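In my numbering, the protein residues as written are 28 to 161.
Glycine included, each C-beta is placed from N, C-alpha and C at the ideal position.
Computed from a predicted structure; not experimentally measured.
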């Protein structure tokens, strides 16, 4: 399988997993309410939230297990490349019992130079896909 096909498969499988977690966390009873960045809709209004006090583990574990079942059904392996999440996705995935053999590894690259060197990204490709700032 070519690198492009592997990348597309991983992106198509990982993106719904990540987006699903974000949607589950951000879901509100009043979909018409929009809060400014950094605020969360709670108790009939927008307010600041101590995000460190929220336990995302059950939601993330459920999403990770669904994702890994799909990986197993397709006989694929997981490799992640993370930046903003600092390894949180691969950490969640490897903590799901019985799926370790489907996990190949992960990269947590925050620095732009590390993204290019460790992941083999060219600068034009990285910029065009929003992986690196300008």
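Contact belief for residue i with residue j at Cβ below 8 Å, rounded distance in angstroms
{"i": "residue 158", "j": "residue 144", "result": "Not confirmed; about 13 Å, so no contact."}
{"i": "residue 95", "j": "residue 123", "result": "6 Å"}
{"i": "residue 129", "j": "residue 99", "result": "6 Å"}
{"i": "residue 113", "j": "residue 135", "result": "5 Å"}
{"i": "residue 75", "j": "residue 66", "result": "6 Å"}
{"i": "residue 120", "j": "residue 105", "result": "6 Å"}
{"i": "residue 108", "j": "residue 150", "result": "Actually they are not in contact, since the Cβ atoms of residue 108 and residue 150 sit about 16 Å apart, beyond 8 Å."}
Per-residue DSSP class, three states only, for residue i
{"i": "residue 68", "result": "strand"}
{"i": "residue 80", "result": "helix"}
{"i": "residue 74", "result": "strand"}
{"i": "residue 150", "result": "helix"}
{"i": "residue 85", "result": "helix"}
{"i": "residue 53", "result": "No answer about residue 53 holds up, because its pLDDT of 42 lies below 50 and its placement is not dependable."}
{"i": "residue 30", "result": "Since pLDDT at residue 30 reaches only 45, below the 50 mark, its modelled position is unreliable, and the value read off the structure follows with that caveat. Of the three classes helix, strand and coil, the one that applies to residue 30 here is helix, per DSSP."}
{"i": "residue 143", "result": "helix"}
{"i": "residue 125", "result": "coil"}
{"i": "residue 158", "result": "coil"}
Of the residues the options, the one placed nearest residue i, counting alpha carbons only
{"i": "residue 103", "options": "111, 132 and 119", "result": "132"}
{"i": "residue 125", "options": "87, 91, 70 and 86", "result": "91"}
{"i": "residue 115", "options": "105, 81 and 87", "result": "87"}
Bridge-paired residues (DSSP) for residue i
{"i": "residue 105", "result": "130"}
{"i": "residue 113", "result": "According to DSSP, which records beta bridges pairwise, residue 113 is partnered with nothing at all."}
{"i": "residue 118", "result": "BP columns for residue 118 are empty, so no partner."}
{"i": "residue 135", "result": "109"}
Residue i CB to nearest heavy atom of the ligand PLP below 7 Å
{"i": "residue 153", "result": "By its list of ligands, the structure shown contains no ligand whatsoever, and the ligand PLP lies outside what it can speak to."}
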